[in-house]
Amino acid sequence: MKTLFRLFMGLGVGLAFLMIIGFTIALMSGHAHGLFSPDFDISINGESLDVGDLMGGFIGLTVAATVVLVLCVVLPLVLLLAIGLPLLIVGAVLAALVAVLCGVGAALGSPLILFVLLVIWMIKPRKKAVASAA
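Residue numbers (the numbering used here): 322 to 455.
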């Protein structure tokens, strides 16, 4: 499983690296300066596709991706760290306080507990021994 993860991670990093190199070369050679300019045109099967009309969809997709990222990643982390973590800390402090009080009570009450157990052991009736029929 680790090998498969490393393979996919390496492929992803390599692809991102190649994409950055490609965009850099395109930007430096002057091919990427007017991607949304009016003179940039894509032709598919003889039909012209104006890229400038796609700018609104690109902006909408960017806004939607940002909203999804905030709702799915940032909001749960904020709720977890702002509400869950303080409650967890308060619960841990209260549990430690209860443990300390129980320990102090057991240490201070141990002579009384031993005395009560000794009295119960002395008062308790003894079982009579059954004589063996030999």
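Ideal placement from N, C-alpha and C gives every residue a C-beta, glycine not left out.
Note that this is a predicted model, so its numbers are computed, not measured.
{"Item": "When DSSP labels each residue in this structure, what does Ser364 get in the three-state scheme?", "Value": "strand"}
{"Item": "Between Ile363 and Leu370, is the Cβ-Cβ spacing less than 8 Å?", "Value": "yes"}
{"Item": "With DSSP as the reference, please indicate the residues paired to Leu370 in a beta bridge.", "Value": "Ile363"}
{"Item": "In the DSSP assignment, find the alpha helix (DSSP H) that holds Leu396 and state where it starts and stops.", "Value": "396-400"}
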